[in-house]
Amino acid sequence: MLVGLHMIVKNEADNLPQCLSSIKPFVDEMIIVDTGSSDRTKEIAASYGAKVIEAPWENDFSKARNISLEHAKTDWILYLDADEVLHGESKQFRQFLSSSNMEAYRILIESYTGSLPHQKVQHSSIRMFRARKEYEFTGPIHEDIIPSINSFTSSNTDLIGDFPVLIRHYGYQAGHPKTNEKLLRNLEILQTFLAGNQDHPYYTYHLGLTYAQLGNFNQAVALIQDALNRTDLNISSRPTIVKDLSIILISCGLISEAKSLLEDELTNYPEYCDLHYYLGISYVHQKEEDKAIKAFQEAVSKSPSSKYVHEDGNGTFRAWTYMGDIAVKWGAYSDALQFYINALKYCPYYYEALLGFADVLTASNISESNIKKEMTHLLSPTLQRTDQAVIQQLCTIQVANVLFESGCYLEFLEMADQITTPQTSTQERIIISHLHLSNFDLAYAGFENLINQGEVSEPLLILVSSALLKYEIQIQDRLFNYIQDHSSGVYLGKLLKSLTDTQKIQTAESDLDFLLFVKKFLHESIILNAENVVKSITSHYPGLTLFAAKMKYYEGFTHNAYKELKQLKNENAIDTEGLSLLGEYVYDQKRFDEAALIFEEVLITKPDDVRAHVGASLCYNQQARTLLEESSAAMPEYPLFNAYLNKVNLAIELSSKYSWHSCWKGRQRRNRVNEEQHFPVHDCQE
């Protein structure tokens, strides 16, 4: 017989049918070692013709796998886990293997980390080898066949090839029911092994990785750093250790450490695109966007290699999207548009790239209807592919979501009609879109329908409540009863009663949970542009007036926010954050002398405020540019004016690239564009 499947299992009744169905056409025998299942695992395995061997679990994966090897009757052995599926052509598979002179084969493995097709990690691993008595697995966990193969072949790498099939692994998906159980099992095995075998950096690394997956990041960093320090450069797992350590460092906020690590290690692994990508991420965190762009450009220039564990998209659509985001910050919209288009070539439904694409169109004053038209035109090859129904539907869903986030509510509703099975989140967005379009009756009908299905989300409940107040519609007893039973009902009911009964909010300053809820309600009311509700809340609780002005600014209602922030400044009721926003607005109106004074006022209170320093320097350079331009025009015979002007222009360009200014995206940018179109210029010269 040519090839046999070998597995070890325990309580895998849910996974086993899919796994064995995928492998059955490829193999001549199946040998499955069961280590104590209490479900239908053994029965299912037997139904597929597998030979089931029962063996006690001894906290050692290699020992269990080696039991199956003793029973092999085939020339080749292929081993899988129950949460894996084999993809390929069985005829080609057998022809390829029958004429082989190799000793072992690497197979590409795609491990899915989420529910979407692009959420996966790719790596190659030896999964198929000749059935020889000399070959056995070693290691209590993350068992390895390579040492015995190297021993037999004298480490002749020419005898190990790449096999043209694919294994898809689903056990790493977020929310997998057995994830935590497996992590605790792995923790115990690794701790026990390392207690008696400390000189094993590979297992130290995996112990650190297990701690990270369990949320103990400090312990994880210490262990993985120790493992890295003790791992030779020629060890194949070392670049993966570097990548994982950098990810954990970034997630812990240890950005400088991650940046230093990656800058050093890229001299060892210059072709590893994932390291360039995470170096770019570390630069973004430290606002070094010029360096980030270069790192992302390096990432997209490297092709994924079977030598490295690779996260899908790090060298393509994720890196291109980050470059687009940086270009948007710099105002380089044509570059940003091309970067986003490049990203979508690799993943047409990638939400962040679609949102960036729509954002550039919004910044370019493209209408809502034309944004939808441009997006559907860009994705038309995918949207029209009936043979790729899953990808087609993902594109439809994500385009709809982006239209919603971009404030294109009518266009979202049109797109939502094409979603075959709308989830609750889509149904909620349909209701919210009707609220923004002032279709209250349609919105409330949809809301009542969701209530009948179960509990609605807190944001939707807040928005509907705010809309009722906005349109001065009496809140019915049925809704009040529903609110009382809702998880947010105590605070919402209290707030609504105080607003509708024209009473002052009766709450102590120490009632922080209630005050936080009121701020949340206030913010959602600003998003809904329910100005009468916002005024009602701030009149009941004046301490939230500054918060409301800031949120208006961040939501793109900058003109109204400016007027309120200016009034608060006159009343000495503003903080440095509010002053900075005031300075930004005045700077955008090109009133540089006034803006400079505001930024200087911020620096009196916060001398180390970098954003205020940049804002003030930009104001002075803008004033200098105006004077130099006037002087150069008046006295063109003096070339020094032009020389200094070039220097000032360069300083303005470089300073403007620093992330000192608020950035608007999606609906916030839409609000700002709409506001700019409705306020004449003289209105801004108060």
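Offset between the sequence shown (1-based) and our numbering: plus 650.
Think of the CB as a built atom: it goes at the ideal place given N, C-alpha and C, for glycine as much as any other residue.
Under the three-state reduction of DSSP, which class applies to residue i: helix, strand or coil?
| i | result |
| --- | --- |
| Thr1071 | coil |
| Leu736 | strand |
| Gln772 | strand |
| Tyr729 | strand |
| Lys1185 | helix |
| Ile658 | strand |
| Ala663 | coil |
| Asp684 | strand |
| Lys701 | strand |
| Ile810 | strand |
| Glu1287 | coil |
| Glu1078 | helix |
| Val653 | strand |
| His960 | strand |
| Glu708 | coil |
| Glu679 | strand |
| His926 | helix |
| Thr954 | Residue identity check: residue 954 is Pro in the sequence provided, not Thr. In the structure shown, Pro954 sits in coil (DSSP, three-state: anything other than H, G, I, E or B). |
| Ser672 | helix |
| Ile991 | helix |
| His1311 | coil |
| Ala695 | helix |
| Cys1045 | helix |
Let me confirm a value: residue i is counted as buried when at least 16 other C-beta atoms fall within 10 Å, else exposed. Which label applies?
| i | result |
| --- | --- |
| Thr1255 | exposed |
| Leu987 | buried |
| Asp1009 | buried |
| Ile673 | buried |
| Pro851 | buried |
| Tyr1059 | buried |
| Ser831 | The amino acid at residue 831 is misidentified as Ser; the sequence shows Glu. Counting Cβ neighbours within 10 Å, Glu831 comes out exposed, since fewer than 16 surround it. |
| Asn1131 | exposed |
| Tyr1141 | buried |
| Ile757 | buried |
| Glu753 | buried |
| Cys1269 | buried |
| Ile795 | buried |
| Lys741 | exposed |
| Gly764 | exposed |
| Asp1091 | exposed |
| Ala1039 | exposed |
| Cys1313 | exposed |
| Glu1234 | buried |
Give me, in chain order, the residues of the same chain whose beta-carbon lies closer than 6 Å to that of residue i; leave out the 5 immediate sequence neighbours on both sides.
| i | result |
| --- | --- |
| Gly1057 | Arg1317, Arg1320 |
| Ile1155 | Any answer about Ile1155 is weak, because its pLDDT of 48 lies below 50 and its placement is not dependable; what the coordinates show is given next. Answer for Ile1155: Ser1148, His1190, Tyr1191, listed in chain order. |
| Val915 | According to the sequence displayed, residue 915 carries Glu and not Val. Val892, listed in sequence order. |
| Ala969 | Tyr927, Phe946, Ala949, Val950 |
Tell me which same chain residues have a C-beta within less than 7 Å of the C-beta of residue i, skipping the five on either side of it?
| i | result |
| --- | --- |
| Leu1278 | Phe1291, Tyr1294, Leu1295, Val1298 |
| Ile839 | Asn709, Pro790, Ile791 |
| Gln668 | Val735 |
| Ile976 | Glu939, Ala942, Ile943 |
| Asn964 | Cys923, Asp924, Tyr927, Ala949 |
| Leu747 | Leu652, Val653, Trp726 |
| Gly699 | Met680 |
| Ala663 | Asp689, Arg690, Thr691, Ile694 |
By Cβ distance, which residues of its chain are closer than 8 Å to residue i, with the 5 residues on each side in sequence left out?
| i | result |
| --- | --- |
| Leu1005 | Val1052, Glu1055, Ser1056, Lys1315, Gly1316 |
| Leu1304 | none |
| Val934 | Ala942, Tyr972, Ile976 |
| Cys997 | His768, Gly963, Thr966, Phe967, Ala1003 |
| Val659 | Leu666, Ile682, Val683, Asp684, Thr685, Ser687, Thr691, Ala695, Ala732 |
| Leu1028 | Ile991, Leu994, Phe1007 |
| Ala1013 | Val978, Tyr983, Arg1319, Val1323 |
If you measure from the beta carbon of residue i to each beta carbon in chain B, is any gap under 8 Å?
| i | result |
| --- | --- |
| Ser1083 | Protein chain content of the structure displayed is limited to a single chain, and chain B is not contained in it. |
Original post:
Is there contact between the region 1145–1152 and the region 1179–1197, where contact requires at least three CB pairs shorter than 8 Å?
Top reply: The answer is yes - the region 1179–1197 touches the region 1145–1152, with three or more Cβ pairs under 8 Å.
Subject >> Entirely enclosed alpha helix (DSSP H) segments - the region 814–884, minimum 4 residues >> reply: As far as the region 814–884 is concerned, its whole alpha helix (DSSP H) runs of at least 4 residues are 829–846, 851–863, 867–879.
**OP:** Tell me, please, whether the region 992–1008 touches the region 1047–1059 by the rule of three or more beta-carbon pairs shorter than 8 Å.
**Re:** A contact between stretches requires three or more CB pairs, one per stretch, nearer than 8 Å, and the region 992–1008 meets this requirement with the region 1047–1059.
Subject >> Cβ contact (3+ pairs, closer than 8 Å) linking the region 885–893 and the region 914–930 >> reply: Three or more beta-carbon pairs separated by less than 8 Å link the region 885–893 to the region 914–930, which places the two stretches in contact.
**OP:** Identify every run of the beta strand (DSSP E) within the region 746–799, keeping only runs that are complete inside it and at least 3 residues long; order them along the chain.
**Re:** Runs found: 754–762, 770–780.
Original post:
Is there contact here, the region 694–712 with the region 859–866, by at least three beta-carbon pairs under 8 Å?
Top reply: In this structure the region 694–712 does not lie against the region 859–866, because fewer than three pairs of beta carbons, one per stretch, are closer than 8 Å.
**OP:** Would you mind listing the alpha helix (DSSP H) stretches within the region 1192–1280 that are 4+ residues and don't spill past its ends, in chain order?
**Re:** List check, alpha helix (DSSP H) in window: 1195–1204, 1208–1220, 1226–1238, 1242–1255.
Original post:
Looking at C-beta atoms only, is the number of pairs between the region 1097–1109 and the region 1061–1073 that lie closer than 8 Å three or more?
Top reply: Verdict: no, contact absent.
Original post:
Between the region 1163–1175 and the region 1196–1203, do at least 3 Cβ pairs fall closer than 8 Å?
Top reply: Under the Cβ criterion (8 Å, minimum of three pairs), the region 1163–1175 counts as touching the region 1196–1203.
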